[in-house]
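Undergrad:
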Amino acid sequence: DSGVTQTPKHLITATGQRVTLRCSPRSGDLSVYWYQQSLDQGLQFLIQYYNGEERAKGNILERFSAQQFPDLHSELNLSSLELGDSALYFCASSGGGQASYGYTFGSGTRLTVV
Amino acid sequence: GNSVTQMEGPVTLSEEAFLTINCTYTATGYPSLFWYVQYPGEGLQLLLKATKADDKGSNKGFEATYRKETTSFHLEKGSVQVSDSAVYFCALSATSGTYKYIFGTGTRLKVLA
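So the protein lines, in turn, are chains A and B. So the mapping is simple: this note's numbering equals the position in the first sequence, first residue as 1, plus 11. So the mapping is simple: this note's numbering equals the position in the second sequence, first residue as 1, plus 1039.
Written as structure tokens, this is what we have:
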């Protein structure tokens, strides 16, 4: 157990639907990062939050949004889902705002859009 | 912009063979460099890191040296085991302005008994 908890582990949904992925960071970590892992695109950075505020944004689609709550857990919302959104979504956390400390990854949520 | 290039896999080795997985990077400034490992069905785990030139990161028999002159961070292990079979990712984090990692595409290693 890495200390980063992601739920659900698996999600199957239809095109056009909306889903919410949840991440609880390791105890004490203030930063949460979201990544998408697909076979054709590899690991793509989506977004980072630090202590409740958005810190950095990557290749995140407008249909996707995220937030970090006062208790530091984070949610990634994916809407108007398309077949191409099927992927593994990872959350990672780190203690500081800088990635040079190293991440702790969760085990991911596998999203299948049918 | 910043980027990481890894050798393509899969890499198939016999147990006790020597492993090298090449990684080169492009970055402004002085990034930190990392190797992560992903076992089947799991998330990525930090394997080792180096934060400045000539630093050597090491863990579980794996080593990598931060070579600024060749912009490389090759992963090596002297004697691989079947349990090392996994996907290995090289990554960098910029030193300022951004806080995200740039990952390589990953190299799948398969070790045969």
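The C-beta atom is built at its ideal place from N, Cα and C for all residues, glycine as well.
#1: Start and end of the beta strand (DSSP E) containing Y60(A)?
#2: To which residues of the same chain is G1100(B) closer than 8 Å at the C-beta, ignoring the five residues directly before and after it?
#3: At 9 Å on the CB atoms, spell out the chain B contacts of F116(A), in chain order.
#4: Could you check the C-alpha separation between F56(A) and G27(A) for me, to the nearest Å?
#5: Would you say G119(A) lies against chain B (beta-carbon separation less than 8 Å)?
#6: Among T1110(B), F1142(B), F1128(B) and T1146(B), which one has its Cα closest to the Cα of Y1069(B)?
#7: Establish whether the CB of G95(A) and some CB of chain B are separated by less than 8 Å.
#8: Take K1156(B) and list the residues in its own chain whose beta-carbon comes closer than 6 Å to its own, dropping the five residues that flank it on each side.
#9: Would a check of beta-carbon distances place G1145(B) closer than 8 Å to chain A?
#10: Tell me, please, which residues DSSP counts as bridged to S207(A).
#11: If you measure from the CB of A103(A), is any heavy atom of the ligand COA nearer than 7 Å?
#12: Pull up the distance between the alpha-carbon of V30(A) and that of N88(A), whole angstroms please.
#13: Which residues does DSSP pair with H1154(B) in a beta bridge?
#14: Measure from the C-beta of G53(A) to each C-beta in chain B and report whether the shortest distance is under 8 Å.
#15: Taking contact to mean at least 3 C-beta pairs separated by less than 8 Å, is the segment 67–79 of chain A in contact with the segment 40–59 of chain A?
#16: Throw me the rounded Cβ distance for the C1062(B) and F1112(B) pair, which I believe falls under 8 Å.
#17: Below 7 Å on C-beta distance, what does Q78(A) contact in chain B?
#18: Quick check: is the beta carbon of F1101(B) nearer than 8 Å to any beta carbon in chain A?
#19: Here's the rule: buried if 16 or more other CB atoms are within 10 angstroms of the residue's CB, otherwise exposed. What is V1076(B)?
#20: Can you tell me which of the three DSSP states G95(A) falls into?
#21: Would you say Y1140(B) lies against chain A (beta-carbon separation less than 8 Å)?
#22: So what does DSSP say about V1121(B), is it helix, strand or coil?
#23: Contact criterion: CB-CB distance below 8 Å. Does F56(A) meet it with respect to chain B?
#24: Start and end of the beta strand (DSSP E) containing H21(A)?
TA: Judging by the given coordinates:
#1: Per DSSP, the unbroken beta strand (DSSP E) holding Y60(A) starts and ends at G53 to Y61.
#2: K1116, G1117 and S1118
#3: Y1075, Q1077, E1081, G1082, L1083, Q1084 and L1085
#4: 23 Å
#5: yes
#6: T1110(B)
#7: no
#8: Residue 1156(B) lies beyond the residue range present for chain B, which begins at 1040 and ends at 1152; the question has no answer from this structure.
#9: G1145(B) has a beta carbon lying within less than 8 Å of a beta carbon in chain A.
#10: The first residue shown for chain A is 12 and the last is 125, placing residue 207(A) beyond what the model contains.
#11: As for the ligand COA, it is missing from this structure, which has no ligand bound.
#12: 6 Å
#13: The structure shown has nothing for residue 1154(B), since chain B only spans 1040 to 1152.
#14: yes
#15: yes
#16: 5 Å
#17: Those within 7 Å of Q78(A) in chain B number zero; the least Cβ separation is about 17 Å.
#18: Chain A contact via Cβ: absent.
#19: buried
#20: helix
#21: Y1140(B) counts as touching chain A.
#22: helix
#23: yes
#24: H21 to T24
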